[in-house]
Amino acid sequence: DAGITQSPRHKVTETGTPVTLRCHQTENHRYMYWYRQDPGHGLRLIHYSYGVKDTDKGEVSDGYSVSRSKTEDFLLTLESATSSQTSVYFCAISETGGTDTQYFGPGTRLTVL
Amino acid sequence: GESVGLHLPTLSVQEGDNSIINCAYSNSASDYFIWYKQESGKGPQFIIDIRSNMDKRQGQRVTVLLNKTVKHLSLQIAATQPGDSAVYFCAENYGGATNKLIFGTGTLLAVQP
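Chains as they are written, first to last, in the numbering used here: chain A, 1306 to 1418; chain B, 98 to 210.
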């Protein structure tokens, strides 16, 4: 998985609780992305980062926030988890923007009860 | 696993046959297209890409064809093997310099021995 780890790999939580997912890379790539994957929707971009402290929204950003305080880590936070956020979350990295290939991590399965 | 699985179009082929997986993309301004393979429980894995100034690109056992007139992309896999069984996604780059991708919903390729 191109030097990308995600933690935790599985999590079950309750509605209304905060949740933070972590993506860690060892490739020193500038760009990092968070996607969610749901049946019938494929992968959808939540947020992305184009450098330390530089982030922007994707197509499904409502209810999520991100932070990137160092190159290797990109955190995704659900401030108050809802059942609609039950999904599989993938982190991806690319060396540059533009048309550079994105490489994906192994995913985190999140269940919100 | 982390793959979508439910309600996916399925292509069933015999081992050794050629497979063709099709994808319609949405944005005529997209200039970069990628095929990913996702095995059960894993993140998407890059297979091959193509830029909009090309109509065909070949890799090892795989070929991608791009028809910009009808906004259609196809992935051809030669001599399909059991290890090719997976969900295949096409993705288009719509974000220019920010490398934002839109993914299709995927096709399940089932290889029969």
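C-beta atoms are modelled at their ideal positions from N, C-alpha and C, and glycine is treated no differently. Fair warning: this is a prediction, and the values are worked out from it, not measured in the lab.
- Looking at the DSSP output, residue 1413 of chain A shares a beta bridge with A/1394.
- In the structure shown, the three-state DSSP call for residue 181 of chain B is helix.
- In the three-state reduction of the DSSP assignment, residue 160 of chain B falls in the strand class.
- In this chain, the beta strand (DSSP E) harbouring residue 148 of chain B covers 142-148.
- Shown here, residue 188 of chain B sits in a strand according to DSSP, grouped into three states.
- Between the region 164-180 of chain B and the region 1316-1325 of chain A there are fewer than three inter-stretch CB-CB distances shorter than 8 Å, so the stretches are not counted as touching.
- Residue state for residue 1325 of chain A is assigned as strand, using DSSP reduced to three classes.
- Contact annotation for residue 1315 of chain A against chain B: no contact, minimum CB-CB distance about 10 Å [criterion: below 9 Å].
- Across the structure, residue 1418 of chain A and residue 1343 of chain A are spaced so that their CA atoms are roughly 16 Å apart.
- Here residue 1374 of chain A is exposed: its Cβ has fewer than 16 other Cβ atoms, across all protein chains shown, within 10 Å.
- Sorting A/1340, A/1382, A/1414 and A/1410 by C-alpha distance to the C-alpha of residue 140 of chain B places A/1410 at the top.
- In the DSSP annotation of this structure, the continuous segment of the beta strand (DSSP E) that includes residue 1353 of chain A starts and ends at 1347-1356.
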